[in-house]
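Comments concern the structure below.
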Amino acid sequence: MSEIITIYCEGQKESHDITILNKVIDGLNNILIKPIGGKLGSKAIVQYLENNQERELSKSKDYLLFRDRDFDQPIPNKERLIIEKKTCYSYRTTIENYLLDVKTFFHFLQEQENNYGIATEEAVKTFFIKVAKELQYYQAVRHSLGALRFANSFDTTWEKGSGTLPNALDLGSCKANAWQLIEKVLNKSNQQCTKKTFETTLQEFLTLFEAQSFFDELKFLVYYQGKDFAKALSKELPRFSIENYYKYAKKHFDYTKYLDLVELRAFIEKLLV
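Structure, rendered in structure tokens:
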């Protein structure tokens, strides 16, 4: 029987990851949540745990790593938690995606002095869809880069990082910038990736992201990079504080709305038996 379950997660203290995990394990005992920084940290801890598994288990502990996908893993066809060895992957692209919710956003706006004329949940949904359509090419390109990249190669953006949006979001500009990232790495490596391969991969995501159902069913809240979407929302709403929204969303977060998080709790409960 495991006396303590240690859940390693990305981020720092007070990060979104820790807040959401605390909601998931609410009411359970003997669980320690330990943040380990960014993705490099998570890879390092997985390697450590694999190399020291006997030592870890000899302390009567069990452990798991919870992390988001962030273009490193393909999104499953159905909503579910993916477990690979001791790593549990969220269904949605990033942890921020779980906080970007139509109903929560609506109720937050109603408590502000300025609700930007958004008076109904349906109006929030319409607003979300408008912003999502503006981002669809950039997000399709980011997913394509994620699907094609290999170890120590190119990033999924030519900007400083997630949450920094390009000035040009049209398909032509996004394609050109993405291919430059790939070419720069290919010139210095033995890896092979043709422009045709890139364009074929991109077309798969374009087809998915151009479907009307993708917007009507809010699937972009699963696929899009959460920081990017939050930034795009903020740009449409003058003086809007995304940090205040996140605080509100975390306070009112209900993990039971998300099947993968329900499955995560069930998995943790089994480890406690």
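Those letters in the sequence shown? Residues 8 to 280, by our numbering. Built from N, CA and C at the ideal position, the CB exists for glycine as well.
- Around the beta carbon of Val280, a 10 Å sphere encloses fewer than 16 other beta carbons of the protein chains shown; the residue is thus reported as exposed.
- Judged by DSSP secondary structure, Tyr15 falls outside any alpha helix (DSSP H) and instead within the beta strand (DSSP E) spanning 11-16.
- Your pair Tyr123 and Leu72 does not check out as a contact, with CB atoms roughly 39 Å apart and the cut at 8 Å.
- Residue pairing from DSSP leaves Asp77 without any beta-bridge partner.
- DSSP places Thr171 outside any alpha helix (DSSP H), giving it a letter other than H or E.
- If the five residues before and after Phe161 are omitted, its C-beta is found closer than 8 Å to the C-beta atoms of Leu152, Leu188, Ile189, Lys191, Val192, all from its own chain and listed in chain order.
- By the Cβ test, the stretch 108-120 is not in contact with the stretch 197-208, since fewer than three Cβ pairs between them sit closer than 8 Å.
- Distance from the CA atom of Phe227 to the CA atom of Phe216, rounded to whole angstroms, is 8 Å.
- Counting C-beta pairs with one atom in each stretch, the stretch 82-89 and the stretch 234-245 have fewer than three that are closer than 8 Å, which means they do not touch.
- The three-state reading of DSSP puts Lys137 in helix, counting H, G and I together.
- In chain order, Ile14, Ile38, Ile40, Arg272, Ile275 place their CB closer than 8 Å to the CB of Ile32, counting only its own chain and leaving out the 5 sequence neighbours on each side.
- Burial state of Glu211 is exposed, judged by a 10 Å Cβ sphere holding fewer than 16 other Cβ atoms.
- Between the alpha carbons of Arg76 and Leu28 lies a gap of roughly 16 Å.
- The stretch 136-148 and the stretch 250-258 do not touch, with fewer than 3 CB-CB distances between them shorter than 8 Å.
- Checking the DSSP bridge columns, you'll see Lys41 partnered with Tyr15.
- Take the alpha-carbon of Pro173 and the one of Ile11: they are about 45 Å apart.
- Taken through DSSP and simplified to helix, strand or coil, Cys95 comes out as strand.
- DSSP, reduced to helix, strand and coil, places Ile125 outside both helices and strands of the structure shown, so it counts as coil.
- At the C-beta level, Leu106 and Phe260 come within 9 Å of one another.
- Here Ile125 has Phe113, Leu116, Val131, Phe134 as same chain residues with Cβ atoms under 8 Å from its own Cβ, once five neighbours each way along the sequence are excluded.
- Taking Cys200 as the centre and dropping the five residues before and after it, the same chain places the C-beta of Leu155, Ile189, Leu193 closer than 7 Å to its C-beta, in chain order.
- Comparing alpha-carbon positions, the option among Val148, Ser196, Asn159, Phe157 lying closest to Ala183 turns out to be Val148.
- Per the C-alpha coordinates, the member of Ile102, Glu91, Glu243 positioned closest to Ser169 is Ile102.
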